[in-house]
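*Asks:* Residue numbers (the numbering used here), protein chains in the order written: chain A, 53 to 557; chain B, 53 to 557.
Number of protein chains: 2
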Amino acid sequence: MEQNVEQVVNSFKQLVHKMTSYYEALGLLGWDLRTGAPRKGAELRAETIGILATEAFKLSISEEMGSYVEFLSRPEVSAQLSDVDRRSVKECKAEYERSLQIPPERFQKYSSLTTHAQTVWEEAKHNNDFVGFEPLLREIVDMKREFIDYWGVKETRYDTLLDMYEPDMTVAKLDAVFDRLKSRLVPLLQKIQQSGYTPEHDFLKQNYDLQKQEEIGLFLLEQMGYDFEAGRLDESEHPFATGLNPGDVRITTHYYPDDLLSAIFSSLHEGGHALYEQNISTDLVGTGLATGTSMGIHESQSRFWENVVGRSRVFWDQYYDRLQQLFPEQLGKVSKEQFYQAANRVENSLIRIEADELTYNLHIIIRYEIEKMLFNDNLAVADLPKVWNAKYKEYLGIEPPTDALGVLQDVHWSGGDFGYFASYSLGNMYAAQMTQTMRKELPQFDEWIAAGNLLPIKEWLTDKIYRFGKSKTPSELIMDITGEELNPDYLADYLEAKYADIYKL
Amino acid sequence: MEQNVEQVVNSFKQLVHKMTSYYEALGLLGWDLRTGAPRKGAELRAETIGILATEAFKLSISEEMGSYVEFLSRPEVSAQLSDVDRRSVKECKAEYERSLQIPPERFQKYSSLTTHAQTVWEEAKHNNDFVGFEPLLREIVDMKREFIDYWGVKETRYDTLLDMYEPDMTVAKLDAVFDRLKSRLVPLLQKIQQSGYTPEHDFLKQNYDLQKQEEIGLFLLEQMGYDFEAGRLDESEHPFATGLNPGDVRITTHYYPDDLLSAIFSSLHEGGHALYEQNISTDLVGTGLATGTSMGIHESQSRFWENVVGRSRVFWDQYYDRLQQLFPEQLGKVSKEQFYQAANRVENSLIRIEADELTYNLHIIIRYEIEKMLFNDNLAVADLPKVWNAKYKEYLGIEPPTDALGVLQDVHWSGGDFGYFASYSLGNMYAAQMTQTMRKELPQFDEWIAAGNLLPIKEWLTDKIYRFGKSKTPSELIMDITGEELNPDYLADYLEAKYADIYKL
Numbered sequence: 053m054e055q056n057v058e059q060v061v062n063s064f065k066q067l068v069h070k071m072t073s074y075y076e077a078l079g080l081l082g083w084d085l086r087t088g089a090p091r092k093g094a095e096l097r098a099e100t101i102g103i104l105a106t107e108a109f110k111l112s113i114s115e116e117m118g119s120y121v122e123f124l125s126r127p128e129v130s131a132q133l134s135d136v137d138r139r140s141v142k143e144c145k146a147e148y149e150r151s152l153q154i155p156p157e158r159f160q161k162y163s164s165l166t167t168h169a170q171t172v173w174e175e176a177k178h179n180n181d182f183v184g185f186e187p188l189l190r191e192i193v194d195m196k197r198e199f200i201d202y203w204g205v206k207e208t209r210y211d212t213l214l215d216m217y218e219p220d221m222t223v224a225k226l227d228a229v230f231d232r233l234k235s236r237l238v239p240l241l242q243k244i245q246q247s248g249y250t251p252e253h254d255f256l257k258q259n260y261d262l263q264k265q266e267e268i269g270l271f272l273l274e275q276m277g278y279d280f281e282a283g284r285l286d287e288s289e290h291p292f293a294t295g296l297n298p299g300d301v302r303i304t305t306h307y308y309p310d311d312l313l314s315a316i317f318s319s320l321h322e323g324g325h326a327l328y329e330q331n332i333s334t335d336l337v338g339t340g341l342a343t344g345t346s347m348g349i350h351e352s353q354s355r356f357w358e359n360v361v362g363r364s365r366v367f368w369d370q371y372y373d374r375l376q377q378l379f380p381e382q383l384g385k386v387s388k389e390q391f392y393q394a395a396n397r398v399e400n401s402l403i404r405i406e407a408d409e410l411t412y413n414l415h416i417i418i419r420y421e422i423e424k425m426l427f428n429d430n431l432a433v434a435d436l437p438k439v440w441n442a443k444y445k446e447y448l449g450i451e452p453p454t455d456a457l458g459v460l461q462d463v464h465w466s467g468g469d470f471g472y473f474a475s476y477s478l479g480n481m482y483a484a485q486m487t488q489t490m491r492k493e494l495p496q497f498d499e500w501i502a503a504g505n506l507l508p509i510k511e512w513l514t515d516k517i518y519r520f521g522k523s524k525t526p527s528e529l530i531m532d533i534t535g536e537e538l539n540p541d542y543l544a545d546y547l548e549a550k551y552a553d554i555y556k557l
Numbered sequence: 053m054e055q056n057v058e059q060v061v062n063s064f065k066q067l068v069h070k071m072t073s074y075y076e077a078l079g080l081l082g083w084d085l086r087t088g089a090p091r092k093g094a095e096l097r098a099e100t101i102g103i104l105a106t107e108a109f110k111l112s113i114s115e116e117m118g119s120y121v122e123f124l125s126r127p128e129v130s131a132q133l134s135d136v137d138r139r140s141v142k143e144c145k146a147e148y149e150r151s152l153q154i155p156p157e158r159f160q161k162y163s164s165l166t167t168h169a170q171t172v173w174e175e176a177k178h179n180n181d182f183v184g185f186e187p188l189l190r191e192i193v194d195m196k197r198e199f200i201d202y203w204g205v206k207e208t209r210y211d212t213l214l215d216m217y218e219p220d221m222t223v224a225k226l227d228a229v230f231d232r233l234k235s236r237l238v239p240l241l242q243k244i245q246q247s248g249y250t251p252e253h254d255f256l257k258q259n260y261d262l263q264k265q266e267e268i269g270l271f272l273l274e275q276m277g278y279d280f281e282a283g284r285l286d287e288s289e290h291p292f293a294t295g296l297n298p299g300d301v302r303i304t305t306h307y308y309p310d311d312l313l314s315a316i317f318s319s320l321h322e323g324g325h326a327l328y329e330q331n332i333s334t335d336l337v338g339t340g341l342a343t344g345t346s347m348g349i350h351e352s353q354s355r356f357w358e359n360v361v362g363r364s365r366v367f368w369d370q371y372y373d374r375l376q377q378l379f380p381e382q383l384g385k386v387s388k389e390q391f392y393q394a395a396n397r398v399e400n401s402l403i404r405i406e407a408d409e410l411t412y413n414l415h416i417i418i419r420y421e422i423e424k425m426l427f428n429d430n431l432a433v434a435d436l437p438k439v440w441n442a443k444y445k446e447y448l449g450i451e452p453p454t455d456a457l458g459v460l461q462d463v464h465w466s467g468g469d470f471g472y473f474a475s476y477s478l479g480n481m482y483a484a485q486m487t488q489t490m491r492k493e494l495p496q497f498d499e500w501i502a503a504g505n506l507l508p509i510k511e512w513l514t515d516k517i518y519r520f521g522k523s524k525t526p527s528e529l530i531m532d533i534t535g536e537e538l539n540p541d542y543l544a545d546y547l548e549a550k551y552a553d554i555y556k557l
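(1) Give the straight-line distance between the Cα atoms of B/Val360 and B/Gly82, rounded to the nearest whole angstrom.
(2) Does any residue of chain B bring its CB to less than 7 Å from the CB of A/Leu273?
(3) Report buried or exposed for A/Asn560, applying the criterion of at least 16 other Cβ atoms within 10 angstroms of its Cβ.
(4) May I have the straight-line CA-CA distance separating B/Asn297 from B/Asp220, to the nearest angstrom?
(5) Give me the subset of the segment 79-102 of chain A whose CB atoms are less than 8 Å from a CB atom of chain B, sorted by chain position.
(6) According to the Cβ coordinates, are B/His321 and B/Ser288 closer than 7 Å?
(7) Below 8 Å on the Cβ atoms is my contact criterion, and I expect B/Leu256 with B/Tyr371 to pass it. Report the Cβ-Cβ distance as a whole number of Å.
(8) Output the distance between the C-alpha atoms of B/His69 and B/Ile533, rounded to the nearest integer angstrom.
(9) In terms of alpha-carbon separation, which member of B/Glu511, B/Leu78, B/Thr514 lies closest to B/Thr294?
(10) So the candidates are B/Ser333, B/Leu262, B/Tyr551; which of them puts its Cα closest to the Cα of B/Tyr307?
(11) Specify, as a first and last residue, the run of the beta strand (DSSP E) that A/Glu287 falls within.
(12) Looking only at its own chain, which residues have a Cβ that is under 8 Å from the Cβ of A/Thr100, when we skip the five neighbours before and after it?
(13) Does DSSP classify B/Arg363 as helix, strand or coil?
(14) Beta-carbon of A/Asn297 versus every beta-carbon of chain B: anything under 7 Å?
(15) Indicate the three-state DSSP secondary structure (helix, strand or coil) for A/Arg419 in the structure shown.
(16) Taking Cβ-Cβ distances shorter than 7 Å, what residues in chain A pair up with B/Asp335?
(17) To be precise: take each residue of the segment 257-284 of chain B, compare its Cβ to all Cβ atoms of chain A, and keep it if any distance is under 9 Å. Which residues remain?
(18) Give, in chain order, every unbroken run of the alpha helix (DSSP H) that is at least 4 residues long and sits entirely within the segment 430-511 of chain A.
(19) Starting from the beta carbon of B/Ala77, find every residue of chain A whose beta carbon is closer than 7 Å, and list them in chain order.
(20) Taking only the alpha-carbon atoms, compute the straight-line gap between B/Thr305 and B/Ser319 and give it to the nearest angstrom.
(21) The alpha helix (DSSP H) spanning A/Thr106 covers which residue range?
(22) If contact is defined by three or more beta carbon pairs under 8 Å, each pair taking one atom from either stretch, is the segment 458-466 of chain B in contact with the segment 167-183 of chain B?
(23) Could one say the Cβ of A/Asp227 lies closer than 7 Å to chain B's Cβ atoms, at least one of them?
(24) In the DSSP assignment, what are the bridge partners of B/Thr294?
(25) Tell me which residues share the same chain as A/Pro495 and place their Cβ nearer than 8 Å to its Cβ, disregarding the 5 neighbours each side in the sequence.
(26) What does the alpha-carbon distance come out to for the pair B/Glu157 and B/His178?
(27) Can the beta-carbon of A/Ala340 be found less than 7 Å from the beta-carbon of A/Glu143?
(28) Figure out for me which residue from B/Ile501, B/Met347, B/Thr525 has the closest Cα to the Cα of B/Ser475.
(29) What residue range is occupied by the uninterrupted alpha helix (DSSP H) comprising A/Gln330?
(30) Do the CB positions of A/Ile530 and A/Leu378 come within less than 7 Å of each other?
(31) Quick one: measure Cβ to Cβ for B/Thr343 and B/Glu329, integer angstroms, because I've assumed they're closer than 8 Å.
(32) Short check: CB of A/Glu558 to CB of A/Gln390, under 7 Å?
(33) Where DSSP assigns a beta bridge to B/Tyr278, which residues make up the other side?
(34) Using the rule of at least 16 other Cβ atoms within 10 Å of the residue's Cβ for burial, across every protein chain shown, is A/Ser23 buried or exposed?
(35) Could you tell me which residues DSSP pairs with B/Tyr308 in its beta bridges?
This is the structure in structure tokens:
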């Protein structure tokens, strides 16, 4: 490498490292706010987050960054870089060019607005008060609309948002994928409903000691290979995972006294996100690539561990005894098969995060369609509850009795995360497609799970996905692993087989 | 106010607010590291802290800051400012001018040196290896000597360091104050020793359940008015308090299974620091003045709650029953008076942080005299153990058998904190002097404590001290409250009366 190139690469890396430091601080400030920060400090904390996020933002669009990425992207210079450095430059250049469009004072406004809005949303949800939340949400949507203009409209306005969470994903592709998925899942759902069979499940809603719930959650996380020396489990209103640095990837869950499954499956879900971040190659530290490559791939990991593994019959072959022993009064007379079926009961329900694997995708499609309306058809924020309720009626045949159980249920919009929801279904589809390959390459897949031998699965995922961090794009990953592009049929096949068995279709 | 002045004031405030945001983030990153951060993230976390601390430092010496404080300090401009703004400008100007004297590469060197030295000191203390620590300590002392030249020598070289922790404090003043204190405390200590009386205290060293220790700590903090909606209590290796923002002031303690008093009194101590920070007027938020005015005043509050209140007989009149009920096996046969006396036992000991209220001040005077020798008389670092041991022999009649129990015991020097130690005794003296006034203005002082009615005391302190934050200097505060300058006789009077009673002198 030429002397000059080497110097610029080093300065570039130092700048990226500095930005990474801001992200770690911001991650911790946010984690703390949602796990244990005292109430009275929250308002000033939101300002602090806004100010530091702006500082990090300013670095990403600094002249310094501009000159580095310009120089390092020149073909004759780029050719001298390592693959990782080249990808790192590409990422920073894309962020630089995108961010440069946003006036910093608008960015700062947006940061404090969305931090503040998450607290207001929590209260609004608690009090079933959409009207109290509406003005803030309107402000957020208006700013997002403004930002789309800054960033530039892709094929449609909503495409601009989608691309931020899932590079190269478009409304056109998603419309096609979701249409295909609907065309297979809606008939499946009808068959299930027509079967007349409903697995017993009342036993899930008894009183389950919170400490024992935590105990089983910690145990299962350990089993799947979550490293507690590089993370911790806490409680928050809404479960989440956050990677502060590769040696500090934290997860949260929420314990409900009258719900056995919620905390267990959310722990597996967030644990999946965390396994990804914990197992990124240390070579990527400080390059800006030591994180998941997209939200869709991230969700493929959380949904894989939660559903493909956690809701499988073989998983409970191994772990049901332990669960039963923890809760002998509640589960003593419940057979493993009864429990498995209850954990996989399909039901048209109101709450996305409690939905079964099948209807879950319909919850996502509803949100996807509403967000498209917000940004491509200028749907008014005030009309959200009406539209929400109508779509639930249309797709799931039920209407939320309150906004808390409807349009207010998710945290995402309060954080400005429009364009994110599709990731969950993409995650389901990626996971099913990858599992297909995994089963071929690891023929003992089921046996291992049944034996509680989950580590080879983690190893396989580390080898194929985790270690690469952001150094491969989602489409590169799915192509390299499975040999084909995203294909919704794998998810449909998986769900058809699973429910044909449970519902004897 | 002129248009232009108003604009500059606003820009200045924004810059101060930005710096405050860095301090909040740094505070949280440090708190987290010491309370619950996973081990494997610690190394990268340390880098993050270093990088963000440097960013904050750069802001404090930025051209922007320089131009604001220059303009806003001009007499004709300063006259137009509010009192708070004027003080805020004065503070920032002082910090700006002080920091600007240090060549940035020397600051950087000093930062990494002291960060590294703290790790080396820990090992040296553990291995009783002064010689292993000496080269680094010599480097630190040399750099501090160099910095004194940059900052400018006040009355004496050591004065320059003292002033950084306690504005306007000088060697001349402290020499006089400590001489007076010694002249009264040394004879008192002799009388106590000659009394031949030693309160029973073995019962303090039984096995005390950690959860119950936490329970009583939380209860007492609530009693003194610590606001758990603006703070939280956690455990760390060494207790500390940290004000992230005025609505988020956290404290920690450390529970020892075989020591009942350590956690109780460190909770009261850190609780005192926290009460100060929690009750600063919200008007000061974002001015840089929303913090304690000096280390001495801060310690006056921690020592007041720990000792004047927490080690008083009336305090345990109220709370001993509860403690006894928590630990019936351990304390069932211990009378309230026995407990009170055990908590106030005087003993010539080697370790400062375990010392009683009386000898504690001698530990401080020893350190003060040694530091003066280091900076005013060029004492060699290699001679520290010899001098240390001689002073312990002289003042306390005992000699440390090892350097770990002697010159290596405190963390301060490894961090470059020369000039800090005096704050602890200043805190004791301020506290005693303020208590004298408080007793006059609140004649029911003892009755209230005996009735567990601590809030009027907190109110009084808020009114006289807490709310002002850094907008009054320590000398202004003590003069406004008590009508006279710092006077060591109040502390001596207080201790003489207390121990005359316990030791029947």
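Where a beta carbon is used, it is the ideal one built from N, C-alpha and C, also for glycine. Here the structure is a predicted model, which means the values were calculated and not measured.
*Replies:* On the basis of the supplied data:
(1) 30 Å
(2) Contacts with chain B at 7 Å (Cβ-Cβ) do not include A/Leu273.
(3) Any property of residue 560 of chain A remains undetermined from this structure, which presents chain A solely from 53 to 557.
(4) One C-alpha to the other measures close to 27 Å.
(5) Leu80, Leu81, Asp84, Gly88, Ala89, Pro90, Arg91, Lys92, Gly93, Ala94, Glu95, Leu96, Arg97, Glu99, Thr100
(6) Contact: no.
(7) Not quite, the Cβ-Cβ distance comes to about 16 Å (not below 8 Å), so this is no contact.
(8) 30 Å
(9) B/Leu78
(10) B/Leu262
(11) 285-287
(12) Correct list, in chain order: Leu81.
(13) coil
(14) yes
(15) helix
(16) None at all; the shortest Cβ gap to chain A is about 14 Å.
(17) Asp279, Phe280, Glu281, Ala282, Gly283, Arg284
(18) 436-448, 474-493, 497-502
(19) Ala77, Leu81, Thr100, Leu104
(20) When rounded, the separation of the alpha-carbon atoms in B/Thr305 and B/Ser319 is 6 Å.
(21) 94-112
(22) yes
(23) No, A/Asp227 lies away from the interface with chain B (no Cβ there is under 7 Å from its Cβ).
(24) B/Arg302
(25) Correct list: empty, nothing qualifies.
(26) 32 Å
(27) Note that residue 340 of chain A corresponds to Gly in the displayed sequence, not to Ala. Yes. Within cutoff.
(28) B/Met347
(29) For A/Gln330, the enclosing alpha helix (DSSP H) stretches over residues 313-330.
(30) no
(31) 7 Å
(32) Within the shown structure, residues of chain A are numbered from 53 to 557, placing residue 558 of chain A beyond reach of any answer.
(33) Its beta-bridge partners do not exist; DSSP assigns none.
(34) Nothing about residue 23 of chain A can be reported from this structure: the residues present for chain A run from 53 to 557 only.
(35) B/Asp311
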